[in-house]
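Heads up, the thing below is written out as structure tokens.
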Amino acid sequence: MYYDYLDTVLGKVYLLADEQGLRLLTIASGGFSPDNRWEHDPEFMSPFINQLQEYLQGQRKHFTLPLAPQGTTFQCQVWNALREIPYNNQRSYHQIAEKIEHPCAIQAVGMAKNVNPIPIIIPCHRVASEQEAQESCRYGESVITQLRALENGEISLI
Numbered sequence: 014m015y016y017d018y019l020d021t022v023l024g025k026v027y028l029l030a031d032e033q034g035l036r037l038l039t040i041a042s043g044g045f046s047p048d049n050r051w052e053h054d055p056e057f058m059s060p061f062i063n064q065l066q067e068y069l070q071g072q073r074k075h076f077t078l079p080l081a082p083q084g085t086t087f088q089c090q091v092w093n094a095l096r097e098i099p100y101n102n103q104r105s106y107h108q109i110a111e112k113i114e115h116p117c118a119i120q121a122v123g124m125a126k127n128v129n130p131i132p133i134i135i136p137c138h139r140v141a142s143e144q145e146a147q148e149s150c151r152y153g154e155s156v157i158t159q160l161r162a163l164e165n166g167e168i169s170l171i
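Residue numbering for the sequence shown follows this note's numbering, starting at 14 and increasing by one per position.
Right, here's the structure in full:
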């Protein structure tokens with residue numbers, strides 16, 4: 014596994030990938046450090062870093078990176094549905110559940126969203142409950158607010 018990072022307004026963003034594709038994106042909080050089994054390889058990671066940087070500058074609306082998130086079949090269905098949400102759009106949990114043909118699995122969609130290993134690139138910030146315009150995520154509401162402002166053309170996150 015190879016990694017690199019990007020300093021952003023959101024914090025230091027680490028990306029982890031191998032030959033199959035991107036496995037993990039994490040916004041580091043205090044005390045985070047890469048696993049000692051990971052190899053820091055900016056050259057291998059440059060396509061991943063470049064596309065993320067372009068997105069965070071407001072220059073990219075769609076990622077063309079190979080992704081290799083690990084999860085259950087259901088989680089992968091949810092994550093694939095999230096990738097289909099257009100830039101600067103939102104969907105509800107119910108809409109995602111219907112999209113993957115599990116219309117009663119609204120809570121399970123929310124749980125899959127919350128364990129998304131590649132946030133931003135698999136855009137969980139584009140999903141909210143029908144009662145709330147904004148939903149929390151493991152990185153906090155401010156990250157969602159900033160990503161939505163970026164997609165509205167209001168700010169740059171680099």
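Heads up, the beta-carbon is just placed ideally off N, CA and C, and yes, glycines get one too.
query                                                                                                           : result
Every unbroken beta strand (DSSP E) within the stretch 15 to 102, with a cutoff of 3 residues, ordered by chain : 15 to 21, 24 to 31, 34 to 40
Thr28 and Leu38 closer than 7 Å at C-beta                                                                       : Looking at the sequence shown, residue 28 is not Thr but Leu. Yes, these two residues count as a Cβ contact at 7 Å.
Span separating the alpha-carbon of Gln90 from that of Ser105                                                   : 15 Å
Minimum C-alpha distance to Gln103 - residue among Leu19, Glu164, Ile131, Gln64                                 : Glu164
Buried or exposed (CB count within 10 angstroms, at least 16 for buried), Asp17                                 : buried
Beta-carbon proximity of Leu80 to Phe61, cut-off 7 Å                                                            : no
Alpha carbon of Phe76 to alpha carbon of Ala118, nearest angstrom                                               : 27 Å
Simplified DSSP assignment, three categories, for Ser169                                                        : coil
First and last residue of the uninterrupted alpha helix (DSSP H) at Glu164                                      : 154 to 164
Helix, strand or coil at Arg151 according to DSSP, with G and I counted as helix                                : coil
Reduced DSSP secondary structure (H/G/I, E/B, other) of Ala141                                                  : strand
Contact between the stretch 152 to 170 and the stretch 63 to 76 (3+ Cβ pairs under 8 Å)                         : yes
Inter-residue spacing [alpha-carbon to alpha-carbon] between Pro99 and Gln83                                    : 23 Å
Expected contact under 8 Å - CB spacing of Val156 and Leu95 to nearest Å                                        : Their Cβ separation, rounded to whole angstroms, is 16 Å, which puts Val156 and Leu95 out of contact at 8 Å.
Of the residues Trp51, Gly153, Lys126, Asn101, the one placed nearest Met14, counting alpha carbons only        : Trp51
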